[in-house]
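Each step along the sequence shown adds one to the number in my numbering, with nothing skipped, and position 99 is 143. Ideal placement from N, C-alpha and C gives every residue a C-beta, glycine not left out. Predicted model only: the values in this text are computed from it and were never measured. Reviewing the structure listed below.
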Amino acid sequence: MGRPPKTVEQHKQDGTYQPCRHADRGVSLEPLPGVDCPSSITGEARELWDSLVPALCKARMVTPATLPTLEHAFFWWQKARECRKLVEDAGGVAKYLLTLGPNSKNALDLALKYEQEYQKIMGQFGDTPVNAARVRGNVSEKKPDGTDAILRIVGNG
Numbered sequence: 045m046g047r048p049p050k051t052v053e054q055h056k057q058d059g060t061y062q063p064c065r066h067a068d069r070g071v072s073l074e075p076l077p078g079v080d081c082p083s084s085i086t087g088e089a090r091e092l093w094d095s096l097v098p099a100l101c102k103a104r105m106v107t108p109a110t111l112p113t114l115e116h117a118f119f120w121w122q123k124a125r126e127c128r129k130l131v132e133d134a135g136g137v138a139k140y141l142l143t144l145g146p147n148s149k150n151a152l153d154l155a156l157k158y159e160q161e162y163q164k165i166m167g168q169f170g171d172t173p174v175n176a177a178r179v180r181g182n183v184s185e186k187k188p189d190g191t192d193a194i195l196r197i198v199g200n201g
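Written out as structure tokens, the structure is:
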């Protein structure tokens, strides 16, 4: 993994700014303070949305550009839960597997595939500690409040 690209401001400061290469950079989307669950998401996926997305909004990771991606992730979660429910309604995994015909689609395989799609998308939002270490979220600008000893020493300088 390489170094992150310089910001437009850094290019201007260094004298390396080129409008043909850097004019479209630096477009910043404001994070959304809160998001309602889309009507297409129902059932357990809606409950999961209500528990996860507010925390992502608080971490300033949900923007208008990431909202469709989130909806897509929860769509896959919803499909996975439907497949799992089909297996549960058949009487459990063993009974379900006994009812499968030679050319039947296996709902367990589909559930696993849908859950992997969900995990792949949610990895972009740092859903596990490993993924969280890889994610650079929107960082709010913190103004020094004068309580940091180092800043007081440097400031008195």
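Express the C-alpha separation of residue j and residue i in angstroms, rounding to a whole number.
i, j, result
"residue 169", "residue 105", "7 Å"
"residue 87", "residue 49", "41 Å"
"residue 140", "residue 95", "31 Å"
"residue 123", "residue 47", "38 Å"
"residue 164", "residue 155", "14 Å"
"residue 89", "residue 136", "21 Å"
"residue 60", "residue 112", "35 Å"
"residue 197", "residue 53", "28 Å"
"residue 138", "residue 160", "22 Å"
"residue 91", "residue 148", "31 Å"
"residue 132", "residue 146", "21 Å"
Short of 8 Å in beta carbon distance, which residues of its chain neighbour residue i, apart from the five on each side in sequence? Order them along the chain.
i, result
"residue 101", "75, 76, 77, 78, 79"
"residue 85", "93, 115, 118, 119, 122"
"residue 58", "50"
Within a Cβ cutoff of 7 Å, which residues of the same chain sit near residue i, ignoring the five residues on either side of it in sequence?
i, result
"residue 130", "151"
"residue 26", "The displayed coordinates of the chain run from 45 to 201. Any statement about residue 26 would go beyond what the structure contains."
"residue 142", "none"
"residue 134", "140, 143"
"residue 153", "none"
"residue 125", "87, 88, 89"
Assuming residue i and residue j form a contact by the criterion Cβ under 8 Å, report the distance between their Cβ atoms to the nearest whole angstrom.
i, j, result
"residue 127", "residue 158", "7 Å"
"residue 108", "residue 73", "6 Å"
Among the residues of its own chain, which have a CB less than 6 Å from the CB of residue i, if the five just before and after it don't count?
i, result
"residue 55", "61, 66"
For residue i, would you say it is in contact with chain D, using Cβ-to-Cβ distances shorter than 7 Å as the test?
i, result
"residue 133", "Although the question refers to chain D, the structure presented lacks it and comprises just one protein chain."
Check your understanding: Taking one C-beta from the segment 77-94 and one from the segment 58-66 each time, how about it: are there three or more such pairs within less than 8 Å?
Key -> no
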